[in-house]
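Heads up: the structure comes next, in structure tokens.
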Amino acid sequence: MSKPPKTLPVVGWRELVHLPELGLHAIPAKIDTGARTSSLHGEVIEEFERDGEKYVRFAVDFEQQHVRQVCEAVHVDVRGITSSNGETQYRYVIKSPLKIGDVEFRAEISLADRSDMKFPMLIGRSSLRRRFVVDSGYSWLQTPEMKVKKGHKP
């Protein structure tokens, strides 16, 4: 006999997420099951080594608040990532704790120029897999500080 499926928390098509190790909180993120890898708007400043591990220093700009946050993270890889327009870009990939609602886990996140995008972060299916179910008809289901919104309008 098979055991019943685990009940997973439900996320809406957008949520505020947290990257506590990077000091980034309440980042507006689009939930995108069409994307494999999560992505964060970040401008790479430099690569360096610390205690024999590769790191990357990068800046995250929050233009609406006129804030630039400089972060450091273990640099996992440089990977070819195909964007929604079919173009492959080579991006730095970091691994960092990611918190959505009450669920915190280590996620692989590519650093990309998302300045033309509405959301500075995109949460891909690798981060969602076996952790969340997506209800694209709602927003802010895992964001208690925001009022749950029905519908797709930003």
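Quick note: the sequence shown, position 135, residue 414 per our numbering, numbers continuous.
C-beta atoms are modelled at their ideal positions from N, C-alpha and C, and glycine is treated no differently.
Quick caveat, the model's predicted, so the values are computed rather than measured.
Through-space distance from residue j to residue i, alpha-carbon basis
i              : j             : result
threonine 316  : valine 296    : 15 Å
serine 375     : proline 288   : 21 Å
glutamate 387  : valine 346    : 24 Å
glutamate 325  : valine 353    : 12 Å
tryptophan 292 : serine 389    : 20 Å
serine 415     : histidine 431 : 8 Å
leucine 298    : alanine 305   : 9 Å
glutamine 368  : serine 362    : 7 Å
Start and end residues, alpha helix (DSSP H) containing residue i
i            : result
arginine 404 : 404 to 407
Residue i in three-state terms, based on DSSP
i           : result
leucine 287 : coil
proline 307 : strand
leucine 420 : coil
Cross-strand partners of residue i (DSSP beta bridge)
i              : result
methionine 396 : Beta-bridge pairing links methionine 396 to no other residue.
glycine 359    : Tyr369
glutamate 328  : Lys333
alanine 386    : Ser375
glutamate 351  : Arg336
First through last residue of the beta strand (DSSP E) which encompasses residue i
i             : result
glutamate 294 : 293 to 298
glutamine 368 : 367 to 379
serine 317    : 317 to 320
Whether residue i touches residue j by CB criterion (9 Å)
i             : j                 : result
serine 318    : isoleucine 379    : no
valine 323    : phenylalanine 341 : no
lysine 309    : leucine 401       : yes
proline 423   : proline 307       : no
aspartate 427 : arginine 410      : The amino acid occupying residue 427 in the given sequence is valine; aspartate does not appear at that position. Contact: no.
valine 372    : valine 355        : yes
aspartate 311 : arginine 370      : no
serine 418    : phenylalanine 384 : no
glutamate 294 : glutamine 421     : yes
Residue i CB to nearest heavy atom of the ligand COA below 8 Å
i           : result
alanine 308 : Of the ligands one can find in the structure shown there are none, so the ligand COA has no counterpart to examine.
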